[in-house]
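Protein chains in written order, with this note's numbering: chain A, 4 to 185; chain B, 18 to 257.
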């Protein structure tokens with residue numbers, strides 16, 4: 004991120020912030036959607052996070068750390084969105100046309116569905132660690148720094164999250180195996 | 018049983034799916050709100066201290082003391098008890114409306130331990146402190162000024178300073194002889210309620226509610242902790 008833009012936005016330059024928002028909007032929204040698994044909630048969280056970034060930007064200590072700091076505000080916005088009145092309606096909205104097709108490593112639609120169910124059972128705390136580490140390829144130390152939690156807590160959350168996801172995949176796979184054996 | 022490598026591989030592929038583009042309407046909504054969303058200046062310049070070595074901190078602290086002395090002499094040397102300088106000409110203004118709080122009050126120098134103790138005593142948990150990025154600030158003297166804003170008799174200004182630096186600029190109104198409310202300057206919204214007691218030249222303040230309109234729990238918590246630290250770390254002494 005261009006630190007000059009950050010510094011100018013910190014001093015109240017709305018044009019500089021607009022450039023920052025354009026540059027950061029997509030990556031923030033991508034992360035929000037992966038944490039919240041809901042397009043509407045992710046849009047709301049991203050919008051709120053960007054506004055919070057503008058509002059709190061003067062308090063950013065080191066402009067070079069804008070990216071990590073912005074992820075922290077985004078995760079907070081995700082917490083806030085997730086804790087609002089829960090929406091029980093199914094998320095049946097059509098995905099945008101630029102949606103990538105299933106990646107090569109994904110074995111089946113069933114796997115994706117199982118993974119999605121398992122992921123939704125995780126708390127936002129656990130999801131955030133998983134997304135920052137496995138989607139953004141952020142090292143665990145970076146995750147700890149971004150979320151403002153101890154490294155040990157990051158490891159613990161990641162361990163339990165992965166265990167939960169593995170359990171979801173294995174549990175959903177078992178009935179299929181039994182049926183196949185009969 | 019799935020192996021760790023299987024899970025990681027499947028998970029990473031799955032995470033690659035999903036939206037990657039923020040819709041223009043969301044970005045437009047943000048940029049539309051920016052002009053009417055004030056930026057929050059840092060209440061606590063703690064980072065400046067955190068990034069300095071001990072000698073630098075001492076130098077800054079010494080400079081702050083000298084500056085405070087110079088400003089104090091300038092403000093009060095020839096005019097004891099003068100109100101904060103109004104920003105408009107006072108020619109047609111009504112006389113100041115006085116109340117027991119009117120004036121300048123100051124704590125002694127407070128330490129990080131004392132500020133943290135006040136925040137903890139107010140019931141904030143360690144997790145809340147972490148979430149809100151609470152940062153104490155060692156060797157900080159708090160000053161609050163209850164005055165009038167811009168010469169208008171119906172708007173009372175409340176300013177809080179830390180080591181002479183303006184931390185909070187708002188307005189207040191007296192509710193009764195033990196309660197006042199405060200809010201951001203000039204918007205007519207008083208969202209913080211305080212209890213107060215005056216004993217001679219000593220003022221004790223207890224923040225009892227902060228209905229901050231700020232978005233986000235962390236921001237609200239952070240503000241509440243700062244308010245708590247300013248008002249509840251120590252009693253205030255009336256200044257001449």
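Glycine is no exception: its CB is placed at the ideal position from the N, C-alpha and C atoms.
Exercise. In chain B, what lies closer than 8 Å to residue 168 (chain A) by C-beta?
Worked result: 24, 28
Exercise. Can you tell me whether residue 94 (chain A) is buried or exposed, with buried defined as 16 or more other CB within 10 angstroms of its CB?
Worked result: Its pLDDT being 35, under 50, residue 94 (chain A) is placed unreliably by the model, and nothing is read from it.
Problem set entry | Residues near residue 195 (chain B) in its chain [Cβ-Cβ closer than 8 Å; skip 5 each side] | 212, 213, 214
Exercise. Contact between the stretch 127-136 of chain B and the stretch 148-158 of chain B: three or more CB pairs below 8 Å?
Worked result: yes
For this session: Mind checking which residues open and close the alpha helix (DSSP H) that includes residue 69 (chain A)?
Result: 69-86
For this session: Indicate the three-state DSSP secondary structure (helix, strand or coil) for residue 228 (chain B) in the structure shown.
Result: coil
Problem set entry | Listed by chain order, chain B residues near residue 20 (chain A) by CB distance under 7 Å | 51
Exercise. From which residue to which residue does the beta strand (DSSP E) around residue 253 (chain B) run?
Worked result: 253-255
Problem set entry | Coarse secondary structure for residue 222 (chain B), derived from DSSP in three states | strand
For this session: State the Cα-Cα distance for the pair residue 77 (chain A) and residue 56 (chain B), rounded to the nearest angstrom.
Result: 17 Å
Exercise. Smallest Cα separation from residue 37 (chain A): which of A:123, A:64, A:151, A:63?
Worked result: Checking every option, the nearest Cα to that of residue 37 (chain A) belongs to A:123.
Exercise. Are the beta-carbon atoms belonging to residue 9 (chain A) and residue 23 (chain A) less than 8 Å from one another?
Worked result: Contact: yes.
Exercise. Sorted by chain position, which residues of the same chain lie with C-beta nearer than 8 Å to residue 192 (chain B)'s C-beta, five sequence neighbours on each side aside?
Worked result: 198, 210
Problem set entry | Where the stretch 51-70 of chain A meets chain B: residues whose CB sits under 7 Å from a CB there | 51, 53, 54, 55, 57, 58, 59, 60, 61, 62, 64
For this session: If I'm right that residue 143 (chain A) touches residue 154 (chain A) with Cβ under 8 Å, what's the distance once you round it to whole angstroms?
Result: 6 Å
For this session: Taking the CB atoms as reference points, tell me whether residue 141 (chain B) and residue 247 (chain B) lie closer together than 8 Å.
Result: no
Exercise. According to the Cβ coordinates, are residue 51 (chain B) and residue 57 (chain A) closer than 8 Å?
Worked result: yes
Problem set entry | Contact check, residue 120 (chain A) vs residue 171 (chain A), beta carbons under 8 Å | yes
Problem set entry | N-terminal and C-terminal residue of the alpha helix (DSSP H) that residue 193 (chain B) is part of | Run containing residue 193 (chain B): none in the alpha helix (DSSP H); it sits in the beta strand (DSSP E), 182-193.
For this session: Using the Cα positions of residue 188 (chain B) and residue 31 (chain B), report the straight-line distance between them to the nearest angstrom.
Result: 52 Å
Problem set entry | Neighbouring residues, chain B, relative to residue 160 (chain A) (Cβ below 8 Å) | Here the premise fails: no neighbours, minimum Cβ distance about 14 Å.
Problem set entry | Where residue 234 (chain B) meets chain A, residues with beta-carbon distance less than 7 Å | 83
Exercise. Taking the continuous alpha helix (DSSP H) assigned at residue 1 (chain B), which residues delimit it?
Worked result: Look at the range of chain B in this structure, 18 to 257, and you will see that residue 1 (chain B) is not part of it.
Exercise. In its own chain, which residues sit with a C-beta less than 8 Å from the C-beta of residue 51 (chain A), not counting the 5 before and 5 after it?
Worked result: In the same chain as residue 51 (chain A), and ignoring 5 residues on each side of it, the C-beta atoms closer than 8 Å to its own belong to 80, 83, 84, in chain order.
For this session: Pick helix, strand or coil for residue 152 (chain A), following the three-state DSSP scheme.
Result: coil
Exercise. For residue 74 (chain A), which of A:86, A:21, A:64, A:145 has the nearest alpha-carbon?
Worked result: A:145
Exercise. In or out: residue 97 (chain B) buried (at least 16 other Cβ within 10 Å) or exposed?
Worked result: Bear in mind that the predicted position of residue 97 (chain B) carries a pLDDT of just 38, short of 50, making it too unreliable to give a figure here.
For this session: Answer with yes or no whether the minimum CB distance from residue 183 (chain B) to chain A is below 8 Å.
Result: no
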